[in-house]
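What follows is a short report on a single structure.
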Amino acid sequence: MEECLNARSGAELANSIAARAGVKLHECYQCGKCTAGCPMAHAMDLMPRQLVRYMQLGRMEEILGSKSVWLCASCHTCVERCPHSIDIPSLMELSRQAAKARGRVGVKTVDMFSGIFMQNVKMFGKSHEALMEGVYNVTTGRFMQDMENVPHMLKNKMVGIEPHTTNNPEEIKALIERALEMGGEDA
Amino acid sequence: MSDIQSALRETAKKLLTEGTVTCVIGWGETRFPDKTTPIFVKTPEDAEKLVWNAHCVCGLAKYMLDNRCPEGKLAICVRGCDSRAVNRIVEDKQYKREDLYLIGLPCEGKDAPICATCTHRNPVVYDVLLGGPVPEIEVSQEDRFQAVTALEGLTPAEQYDYWQKQFSKCIHCYACRNACPACNCTECYADQYRVGWQGKQIDKAENQVYGLTRAFHVGDRCIECGECERVCPMGLPIMSQTRKILKDINDLWGNYECGLTDSRPHILGEFDLSDRDDFM
Amino acid sequence: MKRCYYFPGCSMAATGKGYQQSIDAVARKIGLELVAIPDWNCCGATAAHTMNERMALALPARNLARAEQDGGGMEIAVACAACYSRMQYARQAVLSSPEKRAEIEAIIDMPCSGSNPVISFLELFSRPELMEAVQAKLTKNLNGLKVACYYGCLTSRPSAIARPDDPENPMQMDRIVALTGAEPVAWDFKTECCGASHQVDAPKAAQPLIHRILTNAREHGADCIVTACPLCALNLDMRQSKIMETFGGDYALPVYQFTELLALCMGVHPRDFGLHTHFTPAVGLMRNALKKGGDQA
Amino acid sequence: MSRIGVVVCHCGTNIAGVVDVERVAAEAAKLPNVVFAVTNKYTCSEPGQATMKAAIEEHQLDRLVICSCSPRMHEATFRRMLKDTRINPYMLEIANLREQCAWVHTDKEKATEKAIDLMRMAVAKVEQNKPLFTSTIPIHKKCLIIGGGIAGIQAALDVADAGYQVTIVEREPSIGGHMVMLDKTFPTLDCSACISTPKMVDVGQHPNITLMTSSEVVNVGGYVGSFEVTIKQKARYVDHTKCTGCGLCETKCPTKVPSEFNQGYNKRTAIYKPFAQAVPAKPVIDPDSCKMLKEGKCGVCAKVCPLGCIDFKDTAKEYTETYGAIIVATGYDLIPWQDLYGEYGGGRYADVITGLQFERLVNASGPTEGHILRPSDGTEPKDVVIIKCVGSRDPHKGKSYCSRACCMYSAKHAHQILEKLPGANVYIFYMDVRTPGKGYEEFYDRTRADGAVYIRGRVSKIYKENGKLVCKGEDTLLGKPVSVQADMVVLATAMVPAVGVEKLTTMLGIATDPDKWVQEAHPKLRPVETQTGGIFLAGTCQGPKDIPDTVAQASAAAVKVCGLFSKDEMETSPMISGVDQQKCCGCGFCVNCCPYKAISLVEIDAREGARRVKKTVASVNSGLCQGCGCCTAACRTGAIDLSGYTNAQILKEVDALCL
Amino acid sequence: MSVKADPNWEPKILAFCCNWCTYTGADLAGLNRMKYPANVRVVRLPCSSRVNPQFILRAFQKGCDGVMVCGCHPGDCHYATGNYFTRRRFMLMKRLLEYNGIDPQRFQARWISGSEAAKFRDTVTRVAGEIKALGPNTRFQEKWYEEGGEAQ
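Protein chains in written order, with this note's numbering: chain U, 1 to 187; chain Z, 188 to 467; chain G, 468 to 764; chain P, 765 to 1423; chain C, 1424 to 1575.
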């Protein structure tokens, strides 16, 4: 069946995301320089250019279900080279948040890692690389990932057992909770 | 303050003795202890007549236009507002900056209501600064345009009612024009009866036409010194008209304050291709 | 001579330990006083901004506020590219509008005016006075060592935030490193992304990025990589051998921090900044280069 | 006391069918100073005009109101009629009772009321009218053409063939511009030099054309009909009056520097002609590279010159002359892509070249004699990538506009590569292919048939891997990131206005758009005129375009010039602005808003009481003012006023409506 | 409103039109025999930038019920840039008038090109309707005291 373009059910969400990202969707003429420069495009199911295209057409379904929004590395190569400076990283980020808010997670490991990272910061006020990786490996069941480097790190005291913290980690925890309470701007 | 006053007299004396300037415009005492008057000091001896106190409210810059073709340099005491007035007049090409010597006087506010919302208490231009700079006060845009915003909120009928009551009071004395540093034409349109811009009679319609025309003539160049309201014998809220224009310019083209330099492009003398059409 | 606030970032206590030590050593040599921001916290890179915009701004903003509270009114120098980017974002957000500022202040529960400028270590060291100070303290020479300066994404992009000298071909690090007599090569991947943010959670997708960068550095004749970020370095260094195996590359490029090269040429003993702790063996190349270069005239 | 006559026209039944014309005339008769009011069946007809003329004499009228059709219809007719009466032609006002009253209204009562209002307004206005007199300015029938590219050449030949004197000013040592650098022209593939050099020779030999090469315009004054132009000719160090162009000096000169004409791909000598077919075919010395001029030793050219033409003491000369018209034909340059596109190597790779460089590489008279060879190592490239829109359609890094010629020349380049290098592959990265022109789409078809691979997408990066230039792009039609390994990359770089054109446009007082292209007076209807009378434009100085369009525009500009030159003098409208220097306070607000730069501030002698003083006031250049009146609304004192539409006239009109 | 309380009252509307666009458009409306209310009187000017904002004040003062300023579309000005100045001037003037209690409908500015006869007709028709609905303008008018002041 061909796609029927009359249905633009996602137009409202697309426009709101574009407005918050400061993007004028109509400016994109689909040259693909974003995809061309994107370091993660090879792993994406939806090219960065296509993300903008779907938004232009008011179709968010494909975007919310995509892996791409989770794989964006926020390297900003696309916007730096875009003829119209279209802020794709922001579109990606906001789409990812919108997806998350709808319970849709394209790449579970990415979501988990972010969660663990923030948990970490919440706990100590500072992040703790080894602990993070450890918790991540346990959570995802990838016990051996990056483990080959552990002996080297331990030997050279590049990881401590005691996590370093801020003076009062509770303060940071409260800060994060306040931020989250205010919620995303997207309902 | 007395230190600054003596420094002021010293400076004036020196300028006049050395012949740097032919005249110093400043404030002098009057019969009333709480009033000062502009004085024109032309001899070193007279420099002692200059005063600097809380009652130096009168704007001085406009007095330079009494003689537009000077034969020597003129010194003017400038507070923040006066310095902006000087910039105004220099920018409007009515006086050359090189014919002026500006004695800067940081001002902590005088005996005038306008001083409470003054954002430039230190002179923005001067040749010599007497005393150290005083801290500036922050005035939000809301406060600056508070009177305008209040009137904007009214219905057209209420607005008209308000203004027609105000304008009914006007007696066409032109004090506002004469005190305003932005009103620096050599011949005011209002005096050109034969052309037909407006009539001579004092009636509400003529008063309104005068009020709005003046607002439009100076609104985009107003330095917000408040002289117009200060000198108005009938107490018209004249600045509420000029500030309306300033507020609109602010809203349309971003932060706008006049008289901060002497070379700012004139907002109605330029355009932007992307100016808004939405008023149409 | 020069004082500024210093935001080390979380990596500096762990994998970036050597970087920290080299920074300390160089700073001591040239009389640069780095005042660590009192009670600093994690800036949230690289995860926070993917989850919640407010949180992503509030975390670094708290550090700005801390520095302001300290009252020194100095610039804040940031050693890590990711931290630099987040701090810069936060500062620009605070400065952008009174509303945004009020919102952030409410979250961090302290005033934050954004009055202290945030600069990267590269910007700091490429100032003429620092360049001169470094030059004056160099005693050894890396004559002709071919180095590929790797800047990564976040010191270059988005250019409105990162304010690089050139987003596609930055030269700040090249100029600093050239002081040591090393020869920075012109190569293509100075600012290409190494995929650091996804090396843990999506390694299959992210690993080819490292491979490409290292391949290009080798293609242009580099003997080693120089960075100005603990994360970039860790990424290119730690995962190198495994990636070389997976993708069949034939590079083995030691990865240095630019301050390590400076420290070395100022006569600091390499053990003092853990040159031997690099994953890709890094001592041998330096030994040879110093032998060849000898003392600076 | 004025004596006003009012004539209300029936226009058959056109007006009288709806408007009660008799009542209008009767109302008119009641107005003060109206001494004569009648109706007339057809006012514009011969008898109608005769009646009016008679009435003017009979009633000693000094001003006239005609209530008839639109002034846009017959204002000129009636002004002509008044020419031989006692009334000045500008003491006339027309009330538009037909187009804007009778034809648009049906209610006779209301239409008549409106007609009376319109008549009253016209009477009120005419009362304020003052006699105006047209003046004439002489036309110096000599045309200056700035720029000696194909546009300047074509325009010069057209104007000169019509019998008028032409001077071409060209800053390079030879005319020819970019066209003579090109190899072949699309879509016909005829040799560019073969069709342009004969025209250059024609210019060089034309009795009506003066060629000023190595020259630039340094000052422009005056206005249409008589522009005072100062031209500076740089020192050439060779006496062209004696030189025969034998070329001996060039063969002996020991100094070699990169040739600008060949894009630096080979060398020229310090005494040189830019290229073999240069016009004038005589060399000049480049003072930046000549050993004698820089270091004071050498002088070989002087020694070998059989005619003693070399003069190391030559200096720049300035000439001032009067021209009646100017054609701007300054052309374009290519955008400095190296500074903008770091992702394409920023100029570090010798094999990433521009289309213009490619033209020299493929040109039989070029440095490689037409063999396509890589600049880096002189080998034949096998895989060539062409990237379009480098700097065009890119408001972020370059220009937002389309450079128009690139799609076609890129197709031509692809065709040439595939033709000259059997077995080669050409990949063209494009966003859109634009082929609006005769035979253009067919040429694009042919290029694809030749085997060129078109890939829809913009290249994001070029980097070197395994000795190849890797171009990373997206095939947006596949929706996949792709890369192409190339031996050579040709960039279709954007056209930008020629370097230094701003200085010239400021001097000429003509407007440019935000991208600095010269602004035409009207994009559709006056495409080769500028806002300033007597200054015309041709070619790419106005915007990117290809050769056919350039030549067409040049001929159009030439016709405009010839039209102007067909008269000995030009009548100027008296309805222009004027300054009451008594009122003027010299604030200069009018100066800013004048689109013609017709107003300037001048110092005059004035009296201030008993003193003689200098006073600064505005002054209107009557040759430049077009009478828009924008200045009048900017003037607060009302010192500047527009004749024919004075403040007093308009205010009286307003008043009359409401009485 | 004693003087003008006439059931057959028709508003008087003054339109300042530039010669090259709107005046031409109005002529074209005539050539096409389009019909519109007879309330508008056109003042012909070379360019909309010739309109001094003081003319508007004068018109209201002298008894106009509505005033229009019409010119070429931006970019189409016969004098290249005149209407850009018009736009700025009246952007400010319109706001000032409204601030002083003039109903927004009473002063309107429009871009109408030489080919837009229909737009001219439609604009004039609409403006006439709007102003008729508003009733006579008493604000800013002279001789208010003779009329016994504001009727409202």
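Glycine included, each C-beta is placed from N, C-alpha and C at the ideal position.
Would you call residue i buried or exposed, if buried means 16 or more other Cβ atoms sit within 10 Å of its Cβ?
{"i": "residue 1425 (chain C)", "result": "Any reading at residue 1425 (chain C) must be qualified, since the residue scores a pLDDT of 43, below 50, and its modelled position is unreliable; no value is offered."}
{"i": "residue 1572 (chain C)", "result": "Any reading at residue 1572 (chain C) must be qualified, since the residue scores a pLDDT of 41, below 50, and its modelled position is unreliable; the value itself is stated next. Per the 10 Å Cβ criterion, exposed."}
{"i": "residue 344 (chain Z)", "result": "exposed"}
{"i": "residue 1272 (chain P)", "result": "buried"}
{"i": "residue 220 (chain Z)", "result": "exposed"}
{"i": "residue 454 (chain Z)", "result": "buried"}
{"i": "residue 84 (chain U)", "result": "buried"}
{"i": "residue 464 (chain Z)", "result": "exposed"}
{"i": "residue 602 (chain G)", "result": "exposed"}
{"i": "residue 797 (chain P)", "result": "exposed"}
{"i": "residue 389 (chain Z)", "result": "exposed"}
Give me, in chain order, the residues of the same chain whose beta-carbon lies closer than 6 Å to that of residue i; leave out the 5 immediate sequence neighbours on both sides.
{"i": "residue 1132 (chain P)", "result": "1125"}
{"i": "residue 1050 (chain P)", "result": "1034"}
{"i": "residue 296 (chain Z)", "result": "302"}
In its own chain, which residues sit with a C-beta less than 7 Å from the C-beta of residue i, not counting the 5 before and 5 after it?
{"i": "residue 897 (chain P)", "result": "1338"}
{"i": "residue 1023 (chain P)", "result": "1030, 1031, 1032"}
Along the chain, where does the beta strand (DSSP E) that runs through residue i open and close?
{"i": "residue 474 (chain G)", "result": "469 to 474"}
{"i": "residue 1236 (chain P)", "result": "1232 to 1239"}
{"i": "residue 479 (chain G)", "result": "First-last for residue 479 (chain G): undefined, no H or E at that position."}
{"i": "residue 214 (chain Z)", "result": "210 to 216"}
Residue i: which of the options sits nearest, CA to CA?
{"i": "residue 375 (chain Z)", "options": "P:1368, P:1374, P:1348, P:1411", "result": "P:1348"}
{"i": "residue 748 (chain G)", "options": "G:513, G:507, G:719", "result": "G:719"}
{"i": "residue 581 (chain G)", "options": "G:588, G:725, G:572", "result": "G:572"}
{"i": "residue 1274 (chain P)", "options": "P:1263, P:1298, P:1311", "result": "P:1298"}
{"i": "residue 1043 (chain P)", "options": "P:1203, P:876, P:944", "result": "P:944"}
{"i": "residue 1249 (chain P)", "options": "P:1096, P:799, P:1191, P:863", "result": "P:1191"}
{"i": "residue 404 (chain Z)", "options": "P:1401, P:1412, P:1418, P:1421", "result": "P:1401"}
{"i": "residue 1472 (chain C)", "options": "C:1546, C:1502, C:1438", "result": "C:1502"}
{"i": "residue 339 (chain Z)", "options": "Z:412, Z:431, Z:190, Z:398", "result": "Z:431"}
State the start and end residues of the unbroken alpha helix (DSSP H) segment that holds residue i.
{"i": "residue 110 (chain U)", "result": "108 to 124"}
{"i": "residue 1311 (chain P)", "result": "1311 to 1329"}
{"i": "residue 1484 (chain C)", "result": "1476 to 1485"}
In its own chain, which residues sit with a C-beta less than 8 Å from the C-beta of residue i, not counting the 5 before and 5 after it?
{"i": "residue 212 (chain Z)", "result": "225, 226, 227, 228, 247, 250, 251, 261, 262, 263, 264"}
{"i": "residue 1203 (chain P)", "result": "951, 952"}
### the stretch 775 to 784 of chain P touching the stretch 622 to 636 of chain G, judged by at least three CB pairs closer than 8 Å
Taking a cut-off of 8 Å on C-beta distances, the stretch 775 to 784 of chain P does not touch the stretch 622 to 636 of chain G, as fewer than three cross pairs fall below it.
### Query
Does the stretch 667 to 680 of chain G come close enough to the stretch 706 to 713 of chain G that 3 or more CB-CB pairs lie under 8 Å?
Taking a contact to require three or more Cβ pairs closer than 8 Å, the stretch 706 to 713 of chain G and the stretch 667 to 680 of chain G qualify as touching.
### Query
So, do the stretch 1138 to 1150 of chain P and the stretch 1177 to 1185 of chain P have three or more beta carbon pairs nearer to each other than 8 Å?
With a cut-off of 8 Å on Cβ pairs, the stretch 1138 to 1150 of chain P is in contact with the stretch 1177 to 1185 of chain P, counting three or more such pairs.
#### Entry: Cβ contact (3+ pairs, closer than 8 Å) linking the stretch 732 to 742 of chain G and the stretch 489 to 507 of chain G
Taking a cut-off of 8 Å for Cβ pairs, the stretch 732 to 742 of chain G and the stretch 489 to 507 of chain G touch, as three or more such pairs fall below it.
### Task
State whether the stretch 1400 to 1410 of chain P contacts the stretch 879 to 898 of chain P, with contact taken as three or more CB pairs (one from each stretch) at a distance under 8 Å.
Taking a contact to require three or more Cβ pairs closer than 8 Å, the stretch 1400 to 1410 of chain P and the stretch 879 to 898 of chain P qualify as touching.
### Query
Taking contact to mean at least 3 C-beta pairs separated by less than 8 Å, is the stretch 1008 to 1017 of chain P in contact with the stretch 991 to 1000 of chain P?
Judged by Cβ distances under 8 Å, the stretch 1008 to 1017 of chain P makes no contact with the stretch 991 to 1000 of chain P, as fewer than three pairs qualify.
### Touch test, the stretch 1485 to 1493 of chain C against the stretch 1521 to 1530 of chain C, Cβ-Cβ under 8 Å, three pairs minimum
At 8 Å Cβ cutoff, the stretches touch.
### Query
So, do the stretch 929 to 940 of chain P and the stretch 974 to 993 of chain P have three or more beta carbon pairs nearer to each other than 8 Å?
By the criterion of at least three beta-carbon pairs nearer than 8 Å, the stretch 929 to 940 of chain P is in contact with the stretch 974 to 993 of chain P.
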